[in-house]
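Undergrad:
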Amino acid sequence: MRIFNLHDDIGKDLATRKESGKPLSFRRSHMNRLGKGEILTSAAACWFQGTESFEQMVEMITVTGEEIQKRSRLILSPDDLNEINTEPEFLLTVEGMCGIESNPKQKICQMYEMGVRMASLTWNETNRLGTGVDGDPARGLTKRGKKAIRIMNKIGMIIDVSHTNECTFWDILRVSKKPVIASHSNCRSLCNVSRNLTDQQIVALAEKGGIIGLNAFGRFISEDPKKIGARTLAKHARYIASIVGHEHIGCGFDFTDYLAGYETEQKHDLFCAKDAPNFLSALMEEGFTEEEIKDIAYRNAFRFFRENL
Ligand SMILES: [Zn+2]
């Protein structure tokens, strides 16, 4: 069964390889593994941790966009989303816009021109647009951040709220006229970490028409190391379905097997893209029907992007 993965730090990997003079190996490192895992639509994220300049952002986005277009296809409009491709296709996304210190309109439009169709204002850090999960809990969106949201709404760049603190999350929901995504977050009620969503956040995000991509990153699945794996991640799906319906669930695996320093983070049955079908099997064990599993695997995400790109 095909899968749409809403978050994978592929851009970060390509840029790091390029910087250290290694071959980019996009086909071997990413395309092949995604194909084996039936992830036929994937968000290739350019990840910025809070110190990068706009020039560095542009460089990573350029490398990623060019590499994808050499070997595959970028999804730029709703018409580009198809369900018949047999090789992975990609959405170009940005995680953290720390490089935007001034003139957000020009810079966001430039990123859009380069193919970026989804972005989060922050990673975990505090920046000139908003506040990530590590920032002051009382600080939310800045004036510039509110402007960024309005520009993104206008040009059709999807807003990702996965790394924002709660204050910024609520500010974004108030300001955004369009539904938003939490591309890689789980439920805080089942795993109490700040990167996961509270029940109130899940309800509000769903009421606004958004979706939540479930994350395979070990520490966000369970506080008990013995319970980390696809089976427990499926329980997060069940939990969300029980409060807002399964229509608001997607996949946002956030694989780290290829990222230096994170290789051992996911030593479980969702270690890399090839393992993605294990999540679908776990959903079946959790009692989801085949039609519901198809929705979670890709149809909910397809619907969201068809309506909001
Ligand atoms: Zn992330």
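Quick note, the sequence shown lines up with residues 1 to 309 if you use this note's numbering.
Where a beta carbon is used, it is the ideal one built from N, C-alpha and C, also for glycine.
Bear in mind the structure is a predicted one, so any value in this text is a computation, not a measurement.
By a C-beta neighbour count over all protein chains shown, 10 Å radius and 16 as the cutoff for buried, is serine 162 buried or exposed?
TA: Serine 162 is buried by the Cβ-count criterion.
Undergrad: Determine the extent of the beta strand (DSSP E) in which glycine 21 is found, giving its start and end residues.
TA: That residue, glycine 21, is in no beta strand (DSSP E); it is neither H nor E in DSSP.
Undergrad: Please determine, among Asn103, Asn278 and Gln56, the residue with the shortest C-alpha to C-alpha distance to isoleucine 151.
TA: Selected option, being the one with the closest Cα: Asn103.
Undergrad: Mark lysine 373 as exposed unless 16 or more other C-beta atoms lie within 10 angstroms of its C-beta, in which case mark it buried.
TA: In this structure the chain extends from 1 to 309, so residue 373 is not present and cannot be described.
Undergrad: So what's histidine 7 in DSSP terms, helix, strand or just coil?
TA: Note: histidine 7 maps to strand in three-state DSSP.
Undergrad: List the whole-angstrom C-beta distance separating aspartate 295 from cysteine 272, where the pair is believed to meet the contact cut-off of C-beta under 8 Å.
TA: That belief does not hold up - the Cβ atoms of aspartate 295 and cysteine 272 are roughly 24 Å apart, past 8 Å.
Undergrad: Out of Glu307, Leu76, Asp269 and Glu207, state which residue places its alpha-carbon closest to the alpha-carbon of serine 42.
TA: Out of Glu307, Leu76, Asp269 and Glu207, Leu76 has the C-alpha closest to the C-alpha of serine 42.
Undergrad: Report yes if the C-beta of histidine 163 is less than 7 Å from at least one heavy atom of ligand 1; otherwise report no.
TA: Yes, since a heavy atom of ligand 1 falls inside the 7 Å radius drawn around the Cβ of histidine 163.
Undergrad: Can you tell me whether isoleucine 202 is helix, strand or coil according to DSSP?
TA: Isoleucine 202 falls in the helix class under three-state DSSP.
Undergrad: For alanine 138, count neighbouring Cβ atoms within 10 angstroms of its own Cβ and tell me buried if that reaches 16, exposed if not.
TA: Alanine 138 comes out exposed.
Undergrad: Isoleucine 39 to tyrosine 112, Cα distance in whole Å?
TA: So the alpha carbons of these two residues sit roughly 24 Å apart.
Undergrad: Taking all protein chains shown into account, decide if lysine 226 is buried (16 or more other Cβ within 10 angstroms of its Cβ) or exposed.
TA: The residue is exposed, with fewer than 16 neighbouring Cβ atoms inside 10 Å.
Undergrad: Compute the distance between the beta-carbons of serine 183 and aspartate 160, then report whether it is under 8 Å.
TA: Result yes, Cβ atoms of serine 183 and aspartate 160 sit closer than 8 Å.
Undergrad: If the criterion is Cβ atoms closer than 8 Å, does the pair glycine 99 and glutamate 52 meet it?
TA: Yes. Within cutoff.
Undergrad: Comparing the CB of glutamate 95 with every heavy atom of ligand 1, is any distance shorter than 7 Å?
TA: At least one heavy atom of ligand 1 is nearer than 7 Å to the Cβ of glutamate 95, so yes.
Undergrad: So what does DSSP say about tryptophan 47, is it helix, strand or coil?
TA: Note: tryptophan 47 maps to strand in three-state DSSP.
Undergrad: To the nearest angstrom, how far is the alpha carbon of valine 63 from that of lysine 107?
TA: Their Cα atoms are separated by approximately 17 Å.
Undergrad: Closer than 7 Å to a non-hydrogen atom of ligand 1 - does that hold for the CB of aspartate 357?
TA: Nothing in the structure corresponds to residue 357, since the chain is present only between 1 and 309.
Undergrad: So is glutamate 95 buried or exposed if we call it buried at 16+ other beta carbons inside 10 Å?
TA: Glutamate 95 comes out buried.
Undergrad: Aspartate 160 bridges to which residues according to DSSP?
TA: Looking at the DSSP assignment, aspartate 160 forms a beta bridge with Ile181.
Undergrad: Are the region 284–292 and the region 231–238 touching, with three or more C-beta to C-beta distances below 8 Å?
TA: At 8 Å Cβ cutoff, the stretches touch.
Undergrad: Might you give, ordered along the chain, the residues of its own chain that have their beta carbon closer than 8 Å to the beta carbon of cysteine 187, omitting 5 neighbours on each side?
TA: Cβ neighbours of cysteine 187 beyond the five flanking positions: Asn196, Leu197, Asp199, Ile202, His236, Tyr239 and Ile240.
Undergrad: Can you tell me whether cysteine 272 is helix, strand or coil according to DSSP?
TA: DSSP places cysteine 272 in coil when its eight states are reduced to three.
Undergrad: For isoleucine 211 and glutamate 291, I'd like the C-alpha separation in whole angstroms.
TA: Each residue's Cα considered, the two are about 17 Å apart.
Undergrad: Using a threshold of 8 Å, state whether the C-beta atoms of alanine 216 and leucine 270 are closer than that.
TA: Cβ atoms of alanine 216 and leucine 270: closer than 8 Å.
Undergrad: Would you say the beta carbon of histidine 30 comes nearer than 7 Å to a heavy atom of ligand 1?
TA: Answer for histidine 30: no, Cβ out of range of ligand 1.
Undergrad: Quickly, what does DSSP pair histidine 90 with across the bridge? List them, please.
TA: Checking the sequence shown, residue 90 turns out to be phenylalanine, not histidine. Per DSSP, Ser42 and Leu74.
Undergrad: Where does asparagine 82 land, buried or exposed, given buried means 16+ other C-beta within 10 angstroms?
TA: Classification of asparagine 82: exposed, given that the 10 Å Cβ count is below 16.
Undergrad: Under 8 Å, do lysine 147 and valine 180 count as touching if we go by C-beta distance?
TA: Not in contact: lysine 147 and valine 180 (Cβ atoms no closer than 8 Å).
Undergrad: Select from Thr86, Lys70, Leu91 and Arg71 the residue whose C-alpha is nearest the C-alpha of aspartate 80.
TA: The shortest Cα separation from aspartate 80 among Thr86, Lys70, Leu91 and Arg71 belongs to Leu91.
Undergrad: Just to confirm before moving on: does the CB-CB distance between glycine 132 and asparagine 165 stay below 8 Å?
TA: Yes, Cβ-Cβ distance for glycine 132 and asparagine 165 is below 8 Å.
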